[in-house]
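Scroll down for the structure; my scribbles are underneath it.
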Amino acid sequence: METSELTKQRIEELLEKGKRLDDRGINDFRDLEIEFEISNKAEGSALVKLGDTQVIAGIKMGIMTPFGDSPDEGVLMVGAELSPLASDRFEMGPPQIESIELARIIDRGIRESHCIDMKKLCITPGEKVWCIYVDLYILNADGNLIDAGNLAAVAALNTAVFPKLDEENKILFGEFTKERFPMKSMPITVTSYKIDSKFLIDPVQQEEDCAKARVSVNMVFGEEEYIHAMQKAGVEALTEEQIVEVMEESSKQGRKLYNAVQAIVNKYNGSKK
Amino acid sequence: MTPKTTKRPDGRANDELREMKAKTGIVKNADGSAMFSFGNTVAIAAVYGPRKLLPQHLQNPEKGKLRCYYDLASFSVTERKKPGPSRRSSEISFVTGKALEPVIRLDNYPNTVIDVYILVLQADASTRCAGINAAAMALANAGIPMDEMVTSVSIGKMGDIIVADLTKEEEDFTIEKNGKEEKAATDIPIAVLSRSKKISLLQLDGKCTKEDVKEAVQLAKKVSSKINQVQMEALKKVK
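Those sequence lines, one after another, are chains Y and R.
Those letters in the first sequence? Residues 89 to 361, by our numbering.
Those letters in the second sequence? Residues -12 to 226, by our numbering.
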């Protein structure tokens, strides 16, 4: 359903006072829940719930010939389906720019952070490498699909296992090893949405509809902290100060989110030992 | 009569279904939604509508339209399935619509459409049947008046026995004949209306006799009440 002008006004009025429709602070994420093993046919799968936004990420592996410029590295492919199952705003048909952008932002965060050791996905250099397919399915859309989608992707990647291979290095589909993926880090994306002159994070759909600009910041937190991907979108242009403000806040909130996801993933992986 | 020799791999009785689970209210944005599973086969369905049918020239002032979309998640099967519709999914979408349509009073909703989206999250055969069971529940959950429920199960002939609710392993059942492995399973997905026990979906691929089909239909009718019971229990739990 479209958000009415009245609701938009109300959101803007509240925001003036630093308040939101659901009483959250402007830099608070909604409650995060992650469920695993959504499909036992997948090498890994996770359902992320950020409030009423629910996204499933499923991982399948394939074997392919490596690309000529990286003969000893595996391949990553990220896709996103904005199925009309998840919202009356989505339609059947070929992928729209919204789902392509979503998949590309998440793909870049994972790729550029080098969180997967791609060299360890090489089976025979120049001949056979693993291909990781990450497919995102939106189950219910209520804002902030980028951050939720990224969380689902990294949660699935960090809990996935390799399938078994036969003597000729062909995948024995449906049979799994206990070996987890060569993950080096866990990139987190925080997207800030600009409504009037203020920024907030993790909007519900109605808030997202008020936003005139958004900035996604993808970061890896460790002893040092780096940004690996960014995306500015929306009709409004931003000042340098605003971009700096967004990065500072993303870093603060992203670290909290990272700790939360890490704990959930560790707990799950611990239970599987 | 010769005694039947084939045994089911998981030791189930011939008329025994896998464990069923059902739940409503899976997709908050939808007008109705449900999950239905037969063992390792899990399907979810979401219903949107009745809503205005666009473009306008498709509208029918006499009755509403029911549209179904069946899809397998890329990770629901052992080897990744390319996302998006295929010839197979298009046909299943079509027959799913026809399986559900007899119970819905579409003439109550002129110029509108009821959209049913089915997504299979985990596939171990009988996915269209699980999808139909979930879709019927989602329609009820959306408050759409229905004359009766729709239940669906795949009946199979495996070797010389007729069994209910085939798994993938059973679907791929082979016997050795003249030193060669030969496919010996027939898959017969059937939908049974809960009260009238009429058949709204019947497909078959494999090889069997007229008597086998008759027995399959009778078995589907027999087990349909068990499926309906699971559907109704979940529907009664709606908040």
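Glycine included, each C-beta is placed from N, C-alpha and C at the ideal position.
Keep in mind it's a predicted model, so treat the numbers as computed, not measured.
Are R:D111 and R:T154 close, meaning C-beta to C-beta below 8 Å? Counting from 1 along the second sequence, the entry for residue 111 of chain R is found at position 124. Counting from 1 along the second sequence, the entry for residue 154 of chain R is found at position 167. Yes, Cβ-Cβ distance for R:D111 and R:T154 is below 8 Å.
| Does DSSP classify R:I175 as helix, strand or coil? | Indexing the second sequence from 1 puts residue 175 of chain R at position 188. Residue state, collapsed to three classes: strand.
Open item on the list: By DSSP's criteria, Y:N306 is part of a beta bridge. Which residues make up the other side?
Closed with: Translated into positions along the first sequence, residue 306 of chain Y becomes position 218. Answer is Y:T277, Y:A317.
Note to self: Below 8 Å on C-beta distance, what does Y:G167 contact in chain R?
What the structure shows: On the first sequence, residue 167 of chain Y is found 79 positions in, with the first residue counted as 1. Ordered by position in chain R, the residues that pass the 8 Å Cβ test against Y:G167 are S61, P70.
Just reading off the beta strand (DSSP E) that Y:N228 is part of, what are its end residues? Looking up residue 228 of chain Y in the first sequence gives position 140. 216 to 228 is the span of the beta strand (DSSP E), which, as asked, contains Y:N228.
Measuring alpha carbon to alpha carbon, tell me which of Y:G132, Y:T141, Y:K286, Y:L253 ends up nearest Y:T327.
For this step, residue 327 of chain Y is matched to residue 239 along the first sequence. Nearest of Y:G132, Y:T141, Y:K286, Y:L253 to Y:T327, Cα basis: Y:K286.
Point to revise | Where the segment 198 to 225 of chain Y meets chain R: residues whose CB sits under 7 Å from a CB there | key: Y221, D223, Y225
ask   = Using a Cβ-Cβ cut-off of 8 Å (strictly less than) and excluding sequence neighbours within five positions of R:S61, which residues of its own chain qualify?
value = Residue mapping note: residue 61 of chain R aligns to position 74 of the second sequence, counting from 1. Closer than 8 Å at Cβ, skipping near neighbours: R67, K68, K69, P70.
(message) Helix, strand or coil for R:S181? Go by DSSP, reduced to three states.
(response) Residue mapping note: residue 181 of chain R aligns to position 194 of the second sequence, counting from 1. Three-state result, R:S181: coil.
Could you tell me which residues DSSP puts in a beta bridge with R:V137? As a working note, residue 137 of chain R is residue 150 in the second sequence. DSSP lists R:L180 as partners of R:V137.
C-beta neighbour in chain Y for R:Q109, strict 8 Å | Counting from 1 along the second sequence, the entry for residue 109 of chain R is found at position 122. For R:Q109, the answer is yes, since a Cβ of chain Y falls inside 8 Å of its Cβ.
Quiz item: Can you round the beta-carbon distance between R:N1 and R:V150 to whole angstroms, since I take them to be within the 8 Å contact cut?
Solution: Here residue 1 of chain R refers to the residue found at position 14 when the second sequence is read from its first residue. Here residue 150 of chain R refers to the residue found at position 163 when the second sequence is read from its first residue. Going by Cβ atoms, the distance from R:N1 to R:V150 rounds to 5 Å, so yes, they are a contact pair.
Tell me whether R:S187 is buried or exposed, calling it buried when 16 or more other Cβ atoms sit within 10 Å of its Cβ. Your numbering for residue 187 of chain R matches position 200 in the second sequence. R:S187 is buried by the Cβ-count criterion.
Under three-state DSSP, which class holds R:T114? The residue given as residue 114 of chain R occupies position 127 in the second sequence. Helix at R:T114.
| message | Can you confirm whether R:V140, when its beta carbon is compared against all beta carbons of chain Y, has any partner nearer than 8 Å? | response | The residue given as residue 140 of chain R occupies position 153 in the second sequence. Answer no: the Cβ-Cβ gap between R:V140 and chain Y never drops below 8 Å.
Does any residue of chain Y bring its CB to less than 8 Å from the CB of R:A129?
-> In the second sequence, the residue the question calls residue 129 of chain R occupies position 142. Taking Cβ atoms only, chain Y never reaches closer than 8 Å to R:A129, which makes this a no.
Return the CA-CA distance between Y:I220 and Y:T95, expressed in angstroms with no decimal places. Taking the first residue of the first sequence as 1, we reach residue 220 of chain Y at position 132. Taking the first residue of the first sequence as 1, we reach residue 95 of chain Y at position 7. Answer to the nearest angstrom: the Cα atoms are 42 Å apart.
Contact residues within the segment 102 to 132 of chain Y, judged by C-beta distance below 7 Å to chain R: I126, S127, N128, K129, A130
- For Y:L227, go through chain R and note every residue whose CB falls closer than 7 Å to its CB, in chain order. Indexing the first sequence from 1 puts residue 227 of chain Y at position 139. The contacting residues are V14.
**Prompt:** Going by DSSP, what residues sit across from Y:G322 in a beta bridge?
**Reply:** By one-based count along the first sequence, residue 322 of chain Y stands at place 234. Y:A301.
**Prompt:** Buried or exposed: R:D58, going by 16 or more other Cβ atoms within 10 Å of its Cβ?
**Reply:** Walking along the second sequence from the start, residue 58 of chain R turns up at place 71. R:D58 should be labelled buried.
Touch check for the segment 159 to 167 of chain Y and the segment 277 to 297 of chain Y: three-plus C-beta pairs under 8 Å? no
For R:A122 and Y:E90, what's the separation of their Cα atoms in angstroms?
Against the second sequence, residue 122 of chain R aligns to sequence position 135. Against the first sequence, residue 90 of chain Y aligns to sequence position 2. Cα to Cα, R:A122 sits roughly 26 Å from Y:E90.
Quick check on Y:A174 - is its C-beta less than 8 Å from some C-beta in chain R?
Position 86 of the first sequence, counted from the first residue, corresponds to residue 174 of chain Y. It does: the Cβ of Y:A174 has a partner Cβ on chain R nearer than 8 Å.
Quiz item: Along the chain, which unbroken stretches of the alpha helix (DSSP H) at least 4 residues long are found entirely within the segment 61 to 126 of chain R?
Solution: 74 to 87
Checklist line | Contact set between R:Y96 and chain Y, taken where Cβ atoms lie within less than 8 Å | finding: Within the second sequence, residue 96 of chain R is the residue found at index 109, counting from 1. Residues of chain Y passing the Cβ test: none, with the nearest at roughly 16 Å.
Thinking C-alpha only, which one of Y:E123, Y:E267, Y:I276 is nearest Y:R199?
-> Residue 199 of chain Y sits at position 111 when you count from the first residue of the first sequence. It is Y:I276 whose Cα lies nearest to the Cα of Y:R199.
Where Y:I188 sits in the DSSP three-state scheme = By one-based count along the first sequence, residue 188 of chain Y stands at place 100. Correct three-state label for Y:I188: helix.
*So Y:G146 packs on Y:S127, CB below 8 Å; how close in whole Å?*
As a first step, residue 146 of chain Y is located in the first sequence; it is residue number 58 there, counting from the start. As a first step, residue 127 of chain Y is located in the first sequence; it is residue number 39 there, counting from the start. With a Cβ gap of about 6 Å, Y:G146 and Y:S127 count as contacting.
Give the residues of chain Y in contact with R:D(-3), contact being defined as C-beta atoms less than 7 Å apart. Mapped onto the second sequence, residue -3 of chain R falls at position 10. Going along chain Y, no residue has its Cβ under 7 Å from R:D(-3), so there is no contact; the nearest lies around 15 Å.
* Nearest chain Y C-beta to R:R75 closer than 8 Å, yes or no? -> One-based indexing of the second sequence puts residue 75 of chain R at position 88. Output row for R:R75: interface = no.
Worksheet item: Along chain R, in chain order, which residues have C-beta atoms closer than 7 Å to that of Y:G358?
Response: Walking along the first sequence from the start, residue 358 of chain Y turns up at place 270. By Cβ distance, chain R contributes nothing, its closest Cβ being about 24 Å from Y:G358, past 7 Å.
- Task: Have a look at Y:E337, Y:P291, Y:A229 and flag the residue whose alpha-carbon is nearest the alpha-carbon of Y:N306.
- Result: Working through the first sequence from its first residue, we reach residue 306 of chain Y at position 218. Nearest C-alpha to Y:N306: Y:E337.
Worksheet item: Quick one, which of Y:G237, Y:P159, Y:N246 has its alpha-carbon nearest Y:V217's?
Response: Residue 217 of chain Y sits at position 129 when you count from the first residue of the first sequence. Answer by Cα proximity: Y:P159.
Report task. Closer than 7 Å by beta-carbon distance: list the chain R residues that pair up with Y:G146, in chain order. Result -> Residue numbering aside, residue 146 of chain Y sits at position 58 when the first sequence is read from its first letter. Simply A60, S61, F62.
TODO: Inspect the beta-carbon positions of R:V103 and R:A32 and report whether they are closer than 8 Å.
DONE: Within the second sequence, residue 103 of chain R is the residue found at index 116, counting from 1. Within the second sequence, residue 32 of chain R is the residue found at index 45, counting from 1. In this structure, R:A32 lies closer than 8 Å to R:V103 by Cβ.
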